[in-house]
Amino acid sequence: ADSVYLLYGSLGLMGGVALACLGPVPHAALVNRWFYSRVGIAMGVVYSASGVGTLIISPSAAILIEEFDWRFTYRLFALLLAVLVPVLLFLPWRAIRAGHPLFQDVSQGSSKADDPSPAITAEPRQPPQWTLPRAMRTAPFWGMTAGFFFAGCSSIAILIHSVSFMIGTGIDPVYAATAFGLLGFLSPVGVIGFGALGDWMGRSRAVLLSYGLGALAILGLYLIKYHSAFFGIPLLVASFGLSMGARGPTVSSMASRIFTGPGFGGIYGAISMGGAFG
């Protein structure tokens with residue numbers, strides 16, 4: 001790019017739009033059409049892909065930039081993505097979008113399915129009638145939106161400033177960067193784990209547990225600053241690493257239970273905007 005504005009427009013605007021199109025909202029809408037009794041762990045596996053991809057791509061990019069330069073690295077990743085486009089175009093999107101036969105029957109207002117899967121019919125659905133305007137008149141909609149907003153405020157603040165905070169307290173920069181890398185390593189574990197916990201102990205309890213675990217990260221920061229980094233850093237890494245992405249699958253599966261039906265994608269997209277503003 002010859003201008004910083006071109007960089008803002010390409011990487012910032014177009015990259016942001018692409019990230020939103022490939023983000024949790026369309027994934028949650030598709031998963032909700034195919035899974036029901038184990039939707040939490042299914043959401044967790046999908047959400048964890050982002051963390052696993054970060055663990056693979058970030059060090060690969062660093063090695064390529066060190067070996068060549070950032071322009072070569074950008075072009076190589078762009079080429080890899082371009083190769084994937086034809087593959088994605090030939091996927092059976094009509095069948096994927098239609099969902100499980102039970103979901104199709106319910107979305108058409110039918111109460112019976114020809115050959116329902118036992119894993120999906122563990123809890124029968126009611127005919128969906130939810131739309132975004134109707135959902136916005138309910139307390140659960142605004143409760144989940146507020147939860148995403150405050151989680152976004154707190155999680156991003158810790159994520160962005162944790163390394164500089166540790167270095168500012170006298171911790172070796174390499175050690176601080178290593179601790180930050182462990183956060184990304186634990187994130188997929190927490191995402192899948194809390195998704196499974198939501199199926200096992202209930203989504204509301206799993207969400208509360210994830211928020212409580214996230215609060216322990218504040219205690220870890222306090223210990224690093226005023227007491228012992230020996231105890232504070234492991235507490236910060238374990239609590240924040242396991243909880244920072246845990247709300248995604250649990251809240252999305254909770255929303256899919258409440259706002260079931262074809263309109264779920266738009267409703268969950270509006271709920272997710274709370275996290276974006278946060």
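In terms of the working numbering, the sequence shown is residues 1 to 278.
Where is the CB? At the ideal position from N, CA and C, for every residue including glycine.
Fair warning: this is a prediction, and the values are worked out from it, not measured in the lab.
Separation of residue j from residue i, as counted between CA atoms
{"i": "Met201", "j": "Asp69", "result": "49 Å"}
{"i": "Pro188", "j": "Phe194", "result": "10 Å"}
{"i": "Ala119", "j": "Phe35", "result": "With a pLDDT of 45 at Ala119, under the threshold of 50, the predicted position of this residue should be treated as unreliable, though the coordinate-derived value follows. Roughly 8 Å separates the two Cα atoms."}
{"i": "Phe277", "j": "Phe185", "result": "26 Å"}
{"i": "Leu13", "j": "Leu79", "result": "20 Å"}
{"i": "Asp115", "j": "Ile96", "result": "Only weak support is given to the placement of Asp115: the predicted model assigns it a pLDDT of 42, under 50, and the question is left unresolved by the model."}
{"i": "Val207", "j": "Phe72", "result": "42 Å"}
{"i": "Ala98", "j": "Leu81", "result": "26 Å"}
{"i": "Phe141", "j": "Glu67", "result": "49 Å"}
{"i": "Val39", "j": "His27", "result": "12 Å"}
{"i": "Ile158", "j": "Arg94", "result": "41 Å"}
{"i": "Leu88", "j": "Leu221", "result": "43 Å"}
{"i": "Pro59", "j": "Ser50", "result": "14 Å"}
{"i": "Leu209", "j": "Met244", "result": "12 Å"}
{"i": "Gly266", "j": "Thr260", "result": "11 Å"}
{"i": "Val83", "j": "Ile160", "result": "33 Å"}
{"i": "Phe77", "j": "Tyr8", "result": "19 Å"}
DSSP three-state assignment for residue i, whether helix, strand or coil
{"i": "Pro92", "result": "coil"}
{"i": "Gly274", "result": "helix"}
{"i": "Trp142", "result": "helix"}
{"i": "Ala279", "result": "As displayed, the chain neither begins before 1 nor continues past 278, which places residue 279 out of reach and without an answer."}
{"i": "Met254", "result": "helix"}
{"i": "Thr260", "result": "coil"}
{"i": "Ala246", "result": "coil"}
{"i": "Asp114", "result": "In this prediction, Asp114 has a pLDDT of 41, which is less than 50 and means its spatial position is unreliable; nothing more can be read from the coordinates."}
The alpha helix (DSSP H) enclosing residue i, as first and last residue numbers
{"i": "Ala42", "result": "Val39 to Glu67"}
{"i": "Pro24", "result": "Pro24 to Trp34"}
{"i": "Gly15", "result": "Gly15 to Cys21"}
{"i": "Phe231", "result": "Ala229 to Ser243"}
{"i": "Pro133", "result": "Leu132 to Ala135"}
{"i": "Leu11", "result": "That residue, Leu11, is in no alpha helix (DSSP H); it is neither H nor E in DSSP."}
For the stretch 143-162 against the stretch 210-221, do three or more pairs of beta-carbon atoms, one drawn from each stretch, fall closer than 8 Å, so that the two count as touching?
yes
Pair every Cβ in the stretch 24-44 with every Cβ in the stretch 52-71, then say whether three or more of these pairs are closer than 8 Å.
no
Let me know the alpha helix (DSSP H) ranges lying completely inside the stretch 145-225, each 4 residues or longer, listed in chain order.
173-201
Answer yes if the stretch 251-267 comes into contact with the stretch 18-33, meaning at least three C-beta pairs across the two stretches below 8 Å, and no otherwise.
yes
Are the stretch 239-251 and the stretch 134-148 touching by the rule of at least three beta carbon pairs closer than 8 Å?
yes
At least three beta-carbon pairs within less than 8 Å, the stretch 162-181 to the stretch 221-234:
yes
Counting Cβ pairs closer than 8 Å, one from the stretch 268-275 and one from the stretch 235-243, do we hit at least three?
no
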